[in-house]
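The structure under discussion appears below in the form of structure tokens.
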Amino acid sequence: MKDKIMFWLGVDYTTFSLAYSLQEKIDCDMYAIIDITKKPKVFFENQSLVDFKKFWFFHDQIEKNAITPDIDYLRKFEKKYKINLWKLAQNERIFLYPSFYQFSRDKILQILEQECRFFEKILDEIKPDYLFTKLASFHHQELFHKMCINSDTKVQAINYGLLSQNCIITQEHEKLDIVENLENIERKNRTFDELRTYMKSSDLAKQLENNTIAPSNKIQDQFSASIDYFLKSNSDNTETNYPYYGRTKSKVFFFYLKYILKTKYRRSFIEKNLVHSPSYDVPFVYFPLHLEMERSLLITAPYFVNQIEVIRNIAKSLPINFKLFVKEHPLQYARGWRSSNEYNEIMKIPNVVLLHPSVSKEELYEKCSLIVTIAGSAGFEGLFYGKPIITLAELNYSSLSSVETVTDMNQLPEVIEKSLLKNIASDQLDRFLTLLEKNTTTFDYANFLTKIKQEFFYNGNLVDVKISESKMKSFLDSNAEILDNLANAHIQKINWFKKNKI
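Counting along the sequence shown from 1, when you hit position 268 you're at 1546 in our numbering, and nothing is skipped either side.
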């Protein structure tokens, strides 16, 4: 019997590219949920590059003026799929940080109910063996992801590797699929100095900063995107795509004008008030602020979204002779920085030093006594400097003895004292990297997303754009070799699932 594979197709086109490469390699029935805006919808309705047996446009399933939500259905749904719907919905960036439309409780519940019924219908009708997707950034993606896992549909989600120039394909981002006892893995006897050299040669954070997070600030890209949106576009997503509710061209224009002015003011505040050259004459704990909005907060650590409150709790949990150094995330500029009120609130906390985003993270790793992170990559990077780590969520490196996970903040003072006494050796990290390599594939996801932005989206400045089949075909063929690697990795994972009877 053929495998049935469901693809989640989003605006970055990675999974569509995967489907194109994969169809020549395995005999399977392909299905797709397509989560895009109006302009590229025409391409997906008419394309002949990938032979999907059936596909659905996600936003066609969500009516703006739906009936009163059926709470009884939603409660039964939660029990059936073991999913807390409010935890997903109240951390949805579109609902939590509204720019053009304020979502009421009933409106959120109406959307949730339609999503749940639609996804449930698909799983009952198709009963897919696999879901191929990218790591979820929005609640509806995560909802379907969790429903698949709890319905015995195997998930293969693409995400950045912890080291660049590769990716990880796992069922759940916070866990590795291939797990072994670290003590049973042969170590390569690398010292911390050698491990740091290895890590710095593949610095994912730097690659993300250069390539994938923020739209291009080139005038030509911004001008072309503006002409397309304001003068050429007659596409209206405001009635069909709930992320676009309340948007008009005039509102968008004044929103971004205000955004530019606000960002400049905030940058000026940062330059004048955040510490550029910290003194390291006292012991300190390092807490790097997360980028907001970000999956690692909203989905991975949903109860720690308020970072100012987290900082307060860390600061009051420190030994009396320690300071807490808090550093702004260098990529926060892509979100217009934080408000001056937020920075002032942090700076008012006793024993906290708020650092400028330009302060060297390597220097902080070297000189700190401990790193506390909610769910960020800074914890992983800190391991290469031999530092004890505290996280507020279970992560794929949490198995290392140098890492402690705290979910009850009442335990934080005790865990900090315990962590500060640890003597860290390099052997576990050495073995963990070998395990990590078994879970990664040589598909440069960050670089591929950059190519997609450049080819289709005015370098990331506009996603609601028309796509021609000839242009897509040319793009896929020019990237055939790296997509071949991605397809082979998914086939290997299918075989791994079957071999291990998972």
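The C-beta atom is built at its ideal place from N, Cα and C for all residues, glycine as well.
Keep in mind that this is a model prediction, so the values were computed, not measured.
Quick one: what's got a C-beta closer than 6 angstroms to residue i's C-beta in the same chain, skipping five residues either side?
| i | result |
| --- | --- |
| F1422 | F1397 |
| A1671 | T1578, A1579, A1653 |
| T1651 | G1657, T1669 |
| Y1291 | I1730 |
| Y1564 | F1603, L1642, C1646, I1649 |
| F1416 | none |
| K1744 | K1317 |
| F1582 | V1588, I1652, L1670 |
| K1466 | D1708 |
| A1414 | E1420, H1423 |
| L1409 | M1284, C1426, T1431, V1433 |
| F1662 | L1473, R1474, M1477 |
| N1369 | L1576, P1580 |
| D1407 | D1281, K1282 |
| N1437 | L1413, I1446, H1451 |
| V1289 | I1314, V1741 |
By the 10 Å Cβ neighbour count, where 16 or more other Cβ atoms means buried, how is residue i classified, buried or exposed?
| i | result |
| --- | --- |
| H1568 | buried |
| T1490 | Note that T1490 scores a pLDDT of 49, beneath 50, so its modelled location is shaky and nothing firm can be said. |
| I1834 | Nothing in the structure corresponds to residue 1834, since the chain is present only between 1279 and 1780. |
| F1531 | exposed |
| L1486 | The pLDDT assigned to L1486 is 47, lower than 50, so where the model puts this residue is not dependable, and the model offers no usable value. |
| E1587 | exposed |
| M1477 | buried |
| N1444 | buried |
| N1599 | exposed |
| D1329 | exposed |
| M1308 | buried |
| T1293 | buried |
| K1776 | exposed |
| V1681 | buried |
| E1572 | buried |
| F1533 | exposed |
Under 7 angstroms Cβ to Cβ from residue i, same chain only, skipping five residues before and after it: list those, please.
| i | result |
| --- | --- |
| N1763 | T1719, T1720, F1721 |
| D1455 | T1448, Q1449, N1717 |
| N1488 | Its pLDDT being 45, under 50, N1488 is placed unreliably by the model, and nothing is read from it. |
| S1679 | Q1706 |
| E1733 | F1753 |
| K1627 | Per the sequence presented here, residue 1627 reads as Ile, with Lys not at that position. These residues qualify, in order along the chain: I1589, R1590, A1593. |
| K1751 | L1327 |
| K1342 | E1517 |
| I1345 | none |
| K1771 | Q1434, I1447 |
| F1381 | F1373 |
Counting only the same chain and skipping the five closest in sequence on each side, list residues whose C-beta sits under 8 angstroms from that of residue i.
| i | result |
| --- | --- |
| V1684 | I1668, T1669, L1670, L1690, V1693 |
| L1401 | M1425, C1426, S1429, T1431 |
| L1352 | L1363, L1387, L1390, E1391, C1394 |
| L1552 | E1606, Y1621, L1632, L1633, H1634, P1635 |
| S1299 | L1754, A1758, L1761, D1762, L1764, A1765 |
| L1460 | S1677, L1678, Q1706, R1709, F1710, L1713 |
| Q1610 | L1567, L1569, E1570, R1616, P1635 |
Look at residue i and residue j and say whether their C-beta atoms are less than 9 angstroms apart.
| i | j | result |
| --- | --- | --- |
| V1340 | C1306 | Looking at the sequence shown, residue 1340 is not Val but Ile. No. |
| V1604 | L1632 | yes |
| S1636 | H1768 | no |
| F1335 | F1322 | yes |
| K1405 | N1766 | no |
| T1234 | Y1522 | What is shown of the chain runs 1279 to 1780, which leaves residue 1234 out entirely. |
| G1439 | Y1723 | yes |
| N1584 | K1601 | no |
| L1313 | H1418 | The residue you asked about is not Leu; residue 1313 is Asp in the sequence shown. Yes, Cβ-Cβ distance for D1313 and H1418 is below 9 angstroms. |
| N1674 | H1451 | yes |
| K1529 | G1614 | no |
| E1814 | T1712 | Only positions 1279 to 1780 of the chain appear in this structure, which leaves residue 1814 out of reach. |
| A1297 | K1332 | no |
| P1566 | K1639 | yes |
Could one say the Cβ of residue i lies closer than 9 angstroms to chain B's Cβ atoms, at least one of them?
| i | result |
| --- | --- |
| I1586 | Although the question refers to chain B, the structure presented lacks it and comprises just one protein chain. |
Cβ contact check for the region 1543–1552 and the region 1619–1634: 3 or more pairs under 8 angstroms
Enough Cβ pairs lie closer than 8 angstroms, so yes.
Write down every uninterrupted run of the beta strand (DSSP E) in the region 1626–1676 whose length is 3 residues or greater and which is fully enclosed by it, in chain order.
Within the region 1626–1676, complete beta strand (DSSP E) segments of at least 3 residues are found at 1630–1633, 1648–1651, 1667–1669, given in chain order.
Length-filtered (3 minimum) beta strand (DSSP E) runs lying within the region 1384–1459
Fully enclosed beta strand (DSSP E) runs of no fewer than 3 residues occupy 1408–1412, 1432–1438, 1445–1448 of the region 1384–1459, in order along the chain.
For the region 1696–1706 against the region 1466–1481, are there 3 or more C-beta pairs whose distance is under 8 angstroms?
Verdict: yes, contact present.
Across the region 1730–1742 and the region 1361–1377, are there enough close Cβ pairs to call them in contact, namely three or more that are closer than 8 angstroms?
Taking 8 angstroms as the limit for Cβ pairs, the verdict is that the region 1361–1377 does not touch the region 1730–1742.
Could you give the uninterrupted runs of the alpha helix (DSSP H) lying entirely in the region 1502–1564, keeping only those of 4 residues or more?
Assignment of alpha helix (DSSP H) within the region 1502–1564, counting only whole runs of 4 or more residues, yields 1527–1551 in chain order.
For the region 1317–1397, list the beta strand (DSSP E) runs that are entirely contained and at least 3 residues long, ordered along the chain.
Taking only runs of at least 3 residues, the beta strand (DSSP E) segments lying wholly in the region 1317–1397 are 1332–1335.
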